[in-house]
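S.K.:
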Amino acid sequence: MTDHLGTEFVPLPDDWGIGPTALAAVRPIPPRTSWTAAELMACDFPEPRWAVPGIIAEGLTLLAGAPKVGKSWLALGLGVAVATGGKALGALDVTAGDVLYMALEDPPRRLQERLTKVLAGATAPGRLTLSIACEPIPAGGAQRISAWLDAHPDARLVVVDVFAKVRGAGSANGNQYEADYTAMSALKQIADRYGVAIIVVHHTRKASAEDFLNEVSGTNGLAGAADAIAVLRRQRGAADAVLHVTGRDVEESEHALSWVPALGSWHLLTGQASDYSLGDTRRAILDHLRRVEACTPKQVADALDIPHSTARGTLKRMFDDGQIDTDGHGAYFPLSPVTPVTAVTQDHEPPLSLPVTESPESYSGYASYSPDRGDQ
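Listed below in structure tokens is the structure:
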């Protein structure tokens, strides 16, 4: 059987707990698409629901990262947290809901091994549906996901890992942008229709870029159709990685993460992500400046018990690197910090500050993360 683009596919058995007739019965309800200005202003729209407060909101999120950086572990960990109503990234309380995780590059054995590690002895959640196959989005995949959501009205999260497996073939004229945008738009429509978060896992380019959005592999059709972009980057410093997030309903932010191999999971670290790429002396100076607001080099040297020349030289270099500011009269002070995403609590409560885990030293008994271990 082929789709309208000529892509060959084999219809999958109805093994997602959908029911024998539900898949064929899916009929999208056309949403309202126009209002007068007065009608629009009179509407009371609910706030977006959060699958993971402050990070993954209702809608379509493109999660990108280099091969073997750990993005599949991240996606699976988030799925388990939502399915159990536990803590995402070891720190963020999430509301429990049904989760569909499509591990389209994994055989069942590997998926079982990963899930065993992530669960760490806990009971496997009945609210988590796992699948290792799905039709391409334009050839029945969108319909299948919709049918699963119809059968699970309490769903909060769907993970598609990876996008290349459901994208489908390019258009007849070879327009890759059109194919990317069409597949992503179909997933976004599903997310919007059912009010759930959909995470699409994807790869980044080989070449790094100053703007993390430019690292997403493929055409601009991918990022253009998504509500949010999250890029997982390896980090040199105390953190193992930094998760960069931006989107329509998510504040632009950076989160320092630490990899815990024994648990197969990423944990959120305290403080700003940029702090974890600083050397020990710079980090100590920055911490001190944040406590006292402004200091001269001599005051820093006395407070930290370091040579005056070291304090003076380091402060000058930190100013040149844009990490601190000066009043021009010998005193230095920290820049106004960029708010690391403010978490929105579940289902329309007032904003709260993100809870966090301890620093990497808390996991000193674990081996360091190595991308050569085959982690995705």
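Its first residue numbered 67, the sequence shown is counted upward by one per residue in our numbering. We put the CB at the ideal spot given by N, CA and C, even for glycine.
#1: How big is the Cα-Cα spacing for D164 and V226?
#2: Which ranges would you report for the alpha helix (DSSP H) in the region 190-257 if only whole runs of at least 4 residues count?
#3: By how many angstroms is the C-alpha of H333 removed from the C-alpha of P327?
#4: Could you have a look at T270 and say whether DSSP puts it in helix, strand or coil?
#5: Under 8 Å between the Cβ atoms of A443 and T102?
#6: Since L140 and L298 are thought to touch, with beta carbons under 8 Å apart, how far apart are those beta carbons, to the nearest angstrom?
#7: With a 10 Å radius around its C-beta and 16 neighbouring C-beta atoms as the bar for buried, classify M9 as buried or exposed.
#8: Assuming the contact rule is C-beta atoms closer than 8 Å, W214 and L144 should be a hit. Round their C-beta distance to whole Å, please.
#9: Would you kindly check if the distance between the Cβ of H354 and the Cβ of A369 is under 8 Å?
#10: Is it true that the CB of V146 sits closer than 8 Å to the CB of V184?
#11: So for W101, helix, strand or coil by DSSP?
#12: Out of curiosity, what's the CA-to-CA distance linking R115 and R378?
#13: Looking at the unbroken alpha helix (DSSP H) that takes in F385, where does it start and where does it end?
#14: State the Cα-Cα distance for the pair V148 and C200, rounded to the nearest angstrom.
#15: Grouping DSSP H, G and I as helix and E and B as strand, with all else coil, what is D368?
#16: Mind checking which residues open and close the alpha helix (DSSP H) that includes D353?
#17: Spatial neighbours of T347 within its chain, please: CB distance less than 6 Å, with the 5 preceding and 5 following residues excluded, ordered by chain position.
#18: Rounded to a whole number of angstroms, what is the C-alpha to C-alpha distance between R98 and E105?
#19: Determine the burial state of H268: buried for a count of at least 16 other Cβ atoms within 10 Å of its Cβ, exposed for fewer.
#20: Under the DSSP definition of a beta bridge, which residues are partnered with T312?
#21: When DSSP builds the beta bridges, which residues end up paired with T392?
#22: Leaving aside the five residues before and after V262 along the sequence, list all residues of the same chain whose C-beta is less than 7 Å from its C-beta, in chain order.
#23: How many angstroms separate the CA atom of L142 from the CA atom of L181?
#24: Does the region 193-212 come close enough to the region 240-252 that 3 or more CB-CB pairs lie under 8 Å?
#25: When the cut-off is 8 Å and only beta carbons count, does F111 lie next to chain B?
#26: Have a look at E244 and G234 and give me their C-alpha separation to the nearest angstrom.
#27: In whole angstroms, what is the alpha-carbon distance linking A360 and A367?
#28: Taking the beta carbon of E320 as the centre, do at least 16 other beta carbons fall within 10 Å, making it buried, or is it exposed?
#29: Select from V228, A292 and L155 the residue whose C-alpha is nearest the C-alpha of M336.
#30: Excluding five sequence neighbours on each side, which residues of the same chain lie with their C-beta closer than 6 Å to the C-beta of F229?
M.R.: To lay it out plainly:
#1: Looking at the two C-alpha atoms, the distance is approximately 15 Å.
#2: As far as the region 190-257 is concerned, its whole alpha helix (DSSP H) runs of at least 4 residues are 207-217.
#3: Going from the Cα of P327 to the Cα of H333 covers about 11 Å.
#4: In this structure, T270 counts as strand in the three-state DSSP scheme.
#5: Residue 443 is absent from the structure shown; the chain starts at 67 and stops at 442.
#6: Between L298 and L140 the Cβ distance is about 6 Å, and since that is below 8 Å, they are a contact.
#7: Here the chain has residues from 67 to 442 only, and residue 9 is not among them.
#8: Contact annotation, W214 with L144: C-beta distance approximately 18 Å; criterion of less than 8 Å not satisfied.
#9: For A369 and H354, yes; Cβs fall inside 8 Å.
#10: In terms of Cβ geometry, V184 and V146 form a close pair [threshold 8 Å].
#11: Three-state result, W101: coil.
#12: Our two residues, R115 and R378, have alpha carbons roughly 48 Å apart in a direct line.
#13: First-last of the alpha helix (DSSP H) with F385: H374 to D386.
#14: Cα to Cα, V148 sits roughly 22 Å from C200.
#15: Looking at D368 - three-state DSSP - the assignment turns out to be helix.
#16: For D353, the enclosing alpha helix (DSSP H) covers residues D346 to V358.
#17: T380, listed in sequence order.
#18: Roughly 12 Å between the two C-alpha positions.
#19: Counting the other Cβ atoms within 10 Å of the Cβ of H268 gives 16 or more, which makes it buried.
#20: Its beta-bridge partners are I295.
#21: Paired residue(s): Y398.
#22: The beta carbon of V262 sits closer than 7 Å to the beta carbons of E124, L215, A221, R222, L223 and V224 from its chain, once the five residues preceding and following it are set aside; these are given in chain order.
#23: Straight-line Cα distance between these residues: approximately 8 Å.
#24: A contact exists between the region 240-252 and the region 193-212.
#25: No chain B appears in the structure shown, which is made up of a single protein chain.
#26: Taking the straight line from one Cα to the other gives about 11 Å.
#27: Straight-line Cα distance between these residues: approximately 13 Å.
#28: Label assigned to E320: buried.
#29: Just to set this straight, residue 336 is Thr in the shown sequence, not Met. Of the candidates V228, A292 and L155, L155 places its Cα closest to the Cα of T336.
#30: Excluding sequence positions up to five before and after F229, its CB lies within less than 6 Å of the CB of V266 and H268, all in the same chain and listed in chain order.
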